[in-house]
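First the structure, in the form of structure tokens, and then the observations on it.
There are 2 protein chains.
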Amino acid sequence: MYEVEMKVRADHEAVESALEAADAEFVDSVVQADTYYDAPHRNFAETDEALRIRREHPPGRDTGTDESADETTKITYKGPLLEAESKSREEYETTVGDAEAVVGIFDGLGFEPAATVRKERAHYRLDGYTVTLDSVDGLGEFVEVETETEDDDIEAAREGARAVLSELNLDPDAQIRTSYLGLLLDDDA
Amino acid sequence: MYEVEMKVRADHEAVESALEAADAEFVDSVVQADTYYDAPHRNFAETDEALRIRREHPPGRDTGTDESADETTKITYKGPLLEAESKSREEYETTVGDAEAVVGIFDGLGFEPAATVRKERAHYRLDGYTVTLDSVDGLGEFVEVETETEDDDIEAAREGARAVLSELNLDPDAQIRTSYLGLLLDDDA
Numbered sequence: 001m002y003e004v005e006m007k008v009r010a011d012h013e014a015v016e017s018a019l020e021a022a023d024a025e026f027v028d029s030v031v032q033a034d035t036y037y038d039a040p041h042r043n044f045a046e047t048d049e050a051l052r053i054r055r056e057h058p059p060g061r062d063t064g065t066d067e068s069a070d071e072t073t074k075i076t077y078k079g080p081l082l083e084a085e086s087k088s089r090e091e092y093e094t095t096v097g098d099a100e101a102v103v104g105i106f107d108g109l110g111f112e113p114a115a116t117v118r119k120e121r122a123h124y125r126l127d128g129y130t131v132t133l134d135s136v137d138g139l140g141e142f143v144e145v146e147t148e149t150e151d152d153d154i155e156a157a158r159e160g161a162r163a164v165l166s167e168l169n170l171d172p173d174a175q176i177r178t179s180y181l182g183l184l185l186d187d188d189a
Numbered sequence: 001m002y003e004v005e006m007k008v009r010a011d012h013e014a015v016e017s018a019l020e021a022a023d024a025e026f027v028d029s030v031v032q033a034d035t036y037y038d039a040p041h042r043n044f045a046e047t048d049e050a051l052r053i054r055r056e057h058p059p060g061r062d063t064g065t066d067e068s069a070d071e072t073t074k075i076t077y078k079g080p081l082l083e084a085e086s087k088s089r090e091e092y093e094t095t096v097g098d099a100e101a102v103v104g105i106f107d108g109l110g111f112e113p114a115a116t117v118r119k120e121r122a123h124y125r126l127d128g129y130t131v132t133l134d135s136v137d138g139l140g141e142f143v144e145v146e147t148e149t150e151d152d153d154i155e156a157a158r159e160g161a162r163a164v165l166s167e168l169n170l171d172p173d174a175q176i177r178t179s180y181l182g183l184l185l186d187d188d189a
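Chains as they are written, first to last, in full-length UniProt numbering: chain A, 1 to 189; chain B, 1 to 189.
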């Protein structure tokens, strides 16, 4: 399975109206704080790997303010691209019970936090696609349209994603290919 | 708080009789498979650090045979000794939801499994001490006596541990200071 994903900058108020008009189904919303780590023995920017701690909780309070039962933490490792064309890569993810212990383990092993991406996400379903409204701290508002597809249906899935963007009065040609982490680090540069 | 711990080789059948005669309280028993990792950028044997995945489940079946609900997995990092005398060090530990994902993350980052220590442990309480009967794959049967104590009571705690060993007809002077990992790696050498 491959993930087809398109992302554009978009004013959420207008998109929410368009989602309502298109009868999209609201799924849920969540706050995520993703901390990306640098490795002591490799340059992840060069190897195109990533090591991340993701803290997630329902909207309505700040991340990390307490050890609340409704906060979940995951660690994710993304390996180097195995094949450039399909953008396929190894990915491993697991929940962890104690976020602060993971911070201690990474720190002890010499991994250092490079940047943290904080965003509030609202998920909708429309025409078989997931439409995500992201408000990213320091970057602004974005809309992502994505779906999973088989190898031989990638082009059709991409056309479908363009159609969903158009239905929401957004311009598919304004697609941004840089990750939020990349956009944040560019801002710092 | 400091951990005072003494370990000796011991035939479990005789120790179990002595525990019964001493009216020790049985607590629980558990099977542990600890995989210790080498780092790609440091020699943990030299830095005296450790990175471990511990899989634990109730006795009665093999470790890792299925993704059973009663198997728990933890990752633990032990930092270098901060002070030789007290053997104090940083230690971070957390439960993880998916053991195989952690194996994938460690492997992806270049950490390699050095050795796995498998043991069945039975815990008892006696005179304020925890008495642990360990059957270690490839090494045999051991008994550990341990307690936690304040800084200024270490000597008294150590004397108490010797007394517990004597009560179990074991020789405190036969104490083994090498870890099970160290004993296993020595055997390999």
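We put the CB at the ideal spot given by N, CA and C, even for glycine.
All values derive from a computational prediction rather than experimental measurement.
Put simply, the CB of A:A156 is far from chain B, with every gap to its CB atoms at 8 Å or more. Shown here, B:H12 sits in a helix according to DSSP, grouped into three states. Residue state for B:A157 is assigned as helix, using DSSP reduced to three classes. In this structure, B:R55 places its C-beta atom within 8 Å of the C-beta atom of B:A99.
Per DSSP, A:T47 lies in no beta strand (DSSP E); the unbroken alpha helix (DSSP H) holding it starts and ends at F44 to T47.
Burial of A:F142 is indicated by the presence of at least 16 other C-beta atoms within 10 angstroms of its C-beta. B:A163 and B:Y36 have their C-alpha atoms some 33 Å from each other. Taking the beta carbon of A:T35 as reference, no residue of chain B falls within 8 Å; the closest one sits roughly 15 Å away. The beta carbon of B:T94 sits closer than 8 Å to some beta carbon of chain A. Per the C-alpha coordinates, the member of B:D11, B:S88, B:R52 and B:H123 positioned closest to B:T73 is B:R52. Close CB contacts of A:L183 within its chain, under the 6 Å cut and outside five residues either way in sequence, are with L139 (chain order). The three-state reading of DSSP puts B:L170 in coil, since its state is none of H, G, I, E or B. Minimum Cα-Cα distance from B:G160 among the listed residues B:D151, B:E146 and B:I75 corresponds to B:E146.
It is roughly 8 Å from the alpha-carbon of B:V8 to the alpha-carbon of B:D171. When the Cα atoms are used, B:D134 and A:P80 turn out to be separated by approximately 42 Å.
Along the length of the region 87-145 of chain B, whole beta strand (DSSP E) runs at least 3 residues long occupy 88-96, 112-126 and 129-136, reported in chain order.
Within chain B, H41 and R42 have C-beta atoms less than 8 Å from the C-beta of A:G110, given in sequence order. Each residue's CA atom was taken as its position, placing B:D127 and B:L82 some 31 Å apart. Excluding its 5 nearest sequence neighbours in each direction, A:E167 has C-beta neighbours in its own chain below 8 Å: A18, A22, L126 and D127, listed in chain order.
Counting only the Cα atoms, B:V15 lies some 44 Å from B:H41.
Not a single C-beta of chain A is nearer than 8 Å to the C-beta of B:V30.
Neighbours of A:G104 in chain B, taken as residues at a C-beta separation under 8 Å, are given in chain order as Y77, E90 and Y92. Using beta-carbon distances, A:L185 does not count as an interface residue toward chain B, since no partner is under 8 Å.
The closest CA to that of A:V27, considering only A:T132, A:E46 and A:F106, is found on A:T132.
Here DSSP, grouped into helix, strand and coil, assigns B:A21 to helix. DSSP, reduced to helix, strand and coil, places B:A163 within a helical segment of the structure shown. For B:D98, the closest Cβ of chain A is nearer than 8 Å.
B:D70 carries a coil assignment under DSSP once its states are collapsed to helix, strand and coil.
Here the C-alpha atom of B:F44 lies approximately 50 Å from the C-alpha atom of A:A174.
Taken through DSSP and simplified to helix, strand or coil, A:G79 comes out as strand. Taking the Cα of A:G110 as reference, the smallest distance to any Cα among B:V31, B:L185, B:K78 and B:P59 is reached at B:K78. Under DSSP, B:D34 shares a beta bridge with B:R54 and B:V117. The beta-carbon of A:L51 is placed less than 8 Å from the nearest beta-carbon of chain B.
If you compare the alpha carbons of B:V31, B:I176, B:G108 and B:R89 with that of B:E5, the shortest gap goes to B:I176. At least one CB of chain B lies nearer than 8 Å to the CB of A:A101.
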